[in-house]
Amino acid sequence: MSRLQAKADATSPIPSGLPRSVALFLSFWFTRSIAIIGFIAVWEIVPRLGLMDTTFLPPFSEVIAKLLELLVSGDMVANILASLYRSLAGLTLAVLLSVPLGLLIGWYGRLGDILSPLLEVFRNTAALALLPVFILILGLGETSKISMVLYACVWPILLNTISAVRNVDPLLIKSARSMGLTQTTLFLKVVLPASLPTIFTGVRLAGASSILVLIACEMAGAREGLGYLVNFAQFNFQIPTMYAGIIMLSVVGLTFNYILLSLERRLTRWKPERA
Amino acid sequence: MTAMLNLAASDAPPAKIRLHRVSKTFAVRDGTGTNTGSQEPHSEFVALSDINLDVRTGEFVTLVGPSGCGKSTLLDLLCGLATPSSGQIFVNGRPVDGPGLDRGIVFQQYALFPWRTALGNIEFGLEAKGVPKTERKARARSFLAMVGLGEFEHHYPHELSGGMKQRVAIARSLSYDPEILLMDEPFAALDEETRESLQRELLGIWQRTGKTIVFITHSIDEAVFLGQRVAVMAARPGRIKAIVDIPIEARAADDDIRSRPEFVRLRHQVWALARAAASRSMPGETLAAA
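One line per chain: the protein sequences are B and E, in this order. Residue numbers 1 to 275, in the working numbering, belong to the letters of the first sequence in order. Residue numbers 1001 to 1290, in the working numbering, belong to the letters of the second sequence in order.
See the structure below:
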């Protein structure tokens, strides 16, 4: 709270007559939202002033109106759900596959030495470059999209997991071994908890990747989904709908990230807070 | 008269710890030496050479020496985390066969598990011992209280100061009641005041529990203050040059032991030995008495 107090005192467009807690609350949210509000204001004003053609950039209010219309009609919701299903399915499968595999590869050094170069090749090949391969082999259905997301998510999670296991503080391992712990117990009680934060960072990176890759897949060929919506709207010159889809994508991405971040924070409460 | 003992008496009760002609060499990748068939040329680095030391039950022995004299390697060997290249190590008359709960080790950098609270770290030691869950918390609490950190049981290591972390580390080592405590420069990373208070606390714990303690330090002061015997080590190759008896009583008393004339004399004796050892004299050469 002291950080908020400092901020409140420094930047205070808040009238001084308010009770302290209210003033702090308003000040906190003011600082956090001012830039976004500014951005929205620009979005509203620029088209209205004729600085940009309204066909290419409709004012923000128009886009929001369209968004609400689509939400009410259920159209938007159907697309959101389709996209969410695909990306969550891909991400979950990637976690279930990569984490155990990564733990194994990280723990058994030889295996890691042998597989690492190959993994690096895949990691450094942009997932989207393989989109044509997936479409060729798996077509344009749900399978190919989920597989694509799976593929894109596997690498950050796998490599982060391997790195996490390999970079556990050797002193902790030494300390545990000195108490006579078996290899298995050592792995479960020391390596696993120590690796969790880095593994989670991998999951978070994969989460961001998953949405990106999914949208590209949907743009390449789909019958529903947010990527499909944006593409379709653009094709058919339904510009406000296009922007509405993009805003929705933004919201989905932010929510995803926020959820994963909160989960990460809860699981790693023991880490020192970075200022 | 100086009292210098180099080997244990043979008619005394069997030593708690016995190091017999222990040596340890490492292969070091350094571009020199001949290629002996492995990928890169390497040479041999002799960390320890012909170490002989007997430690009696309940004795507090300190090892002092410069960096690179193999002190930490010696502790690794005693702990069972490494095996000697030659020679034998006996604990309670039996050869050391790997790490175990009969020997506890405390490190300079604490080695606390950051994802566990102070209490959780101590419970780790109890879990290793197989103490049933119902007793664990209560016992862990008593060890935490023993080192004076009762109110910090829910704190994570990153919320503790260096001295507190080391106390938790010591409590954790004590929790599974090892007969032998091995300490690798545990107070080196702490400020003077904390160090002195922990030294006194350690002596108190030693007197209360009667454990055998092997304590490594690079501070001559600390070695003489804590140890009943001080083994002076030299580097390159790592070896024990001499062992000095420290017949000071009542160490944990509150008066300034370090200013007592007998302390100063013994300290100087160790200092001179360490000095001579550091000047790379060959083993076996007679060293001047203080």
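Beta carbons: idealized from backbone N, C-alpha and C, even for Gly.
Under the three-state reduction of DSSP, B/A82 is assigned to helix. In this structure, DSSP gives B/V72 a helical state, which the three-state scheme calls helix.
The beta carbons of B/I137 and B/T161 sit about 27 Å from each other, so the pair does not count as a contact at 8 Å. Excluding its 5 nearest sequence neighbours in each direction, B/G207 has C-beta neighbours in its own chain below 7 Å: L91, F256, N257 and L260, listed in chain order. If you check the CB distance, E/G1070 and E/G1238 come in under 9 Å. Closest in C-alpha terms to E/T1057, from the list E/I1220, E/Q1109 and E/L1181, comes E/L1181. The beta carbons of E/A1235 and E/S1067 sit closer together than 9 Å. The DSSP-derived three-state label of E/L1019 is strand.
Closest in alpha carbon position to E/D1184, among E/Q1166, E/T1194 and E/E1192, is E/Q1166.
Under a 10 Å Cβ-count criterion, B/I37 is classified as exposed, with fewer than 16 other Cβ atoms of the shown protein chains found around its own Cβ. Proximity of E/P1084 to chain B, defined by a Cβ-Cβ separation below 9 Å, is not satisfied. Listed in chain order, the non-local C-beta contacts of B/W43 below 6 Å within the same chain comprise F60, local neighbours out to five positions each way being set aside. Under the three-state reduction of DSSP output, B/L263 falls in the helix class. When 7 Å is used as the limit between beta carbons, B/L181 is near these residues of chain E: A1128, in chain order. C-alpha of E/K1241 to C-alpha of E/E1196: approximately 27 Å in a straight line.
With respect to E/L1126, E/R1139 sits close: the two C-beta atoms are nearer than 9 Å. E/H1268 sits in a helix when the DSSP states are folded into three classes. Listed by position along chain B, the residues whose Cβ is nearer than 9 Å to that of E/W1206 form an empty set, because the closest Cβ is around 19 Å away.
For B/R177, the residues of chain E that pass the 8 Å Cβ criterion are L1081 and P1099, in the order they occur in the chain. Here the C-alpha atom of E/T1134 lies approximately 19 Å from the C-alpha atom of E/A1171.
Between E/Y1156 and E/P1114, the C-beta gap is smaller than 9 Å, which places the two residues in contact. Just measuring C-alpha positions, the residue of E/R1267, E/E1044, E/A1278 and E/K1211 sitting nearest E/V1055 is E/K1211. Note on geometry: alpha-carbon atoms of E/A1111 and B/C153 lie some 34 Å from one another. DSSP, reduced to helix, strand and coil, places E/S1049 within a strand of the structure shown.
In the displayed model, B/V213 falls within a helix according to three-state DSSP. Those residues of the segment 1140-1165 of chain E placed with their C-beta closer than 7 Å to a C-beta in chain B are Y1156 and H1158, ordered along the chain.
Just so you know, the alpha carbons of E/F1026 and E/V1232 end up roughly 22 Å apart. Among the residues of chain B, none has a CB under 8 Å from the CB of E/I1170; the nearest is roughly 13 Å distant. Remark: C-beta atoms of E/P1099 and B/R177 approach each other more closely than 9 Å.
Secondary structure at B/I173: helix, using DSSP grouped into helix, strand and coil.
Selection E/D1050, E/I1122 and E/P1178 evaluated against E/G1104 yields E/P1178 as nearest (Cα-Cα). Pairing E/T1083 with B/T143, the inter-Cα distance amounts to about 55 Å. Inclusion of B/L249 and B/G227 in the CB contact set at 9 Å is warranted, their separation being smaller than that value. Where E/S1142 is concerned, the enclosing alpha helix (DSSP H) starts and stops at K1133 to M1146. Here E/G1163 carries a helix assignment [DSSP, helix/strand/coil].
Of the residues assessed, B/T182 falls on the exposed side of the cut-off, its CB having fewer than 16 other CB atoms within 10 angstroms.
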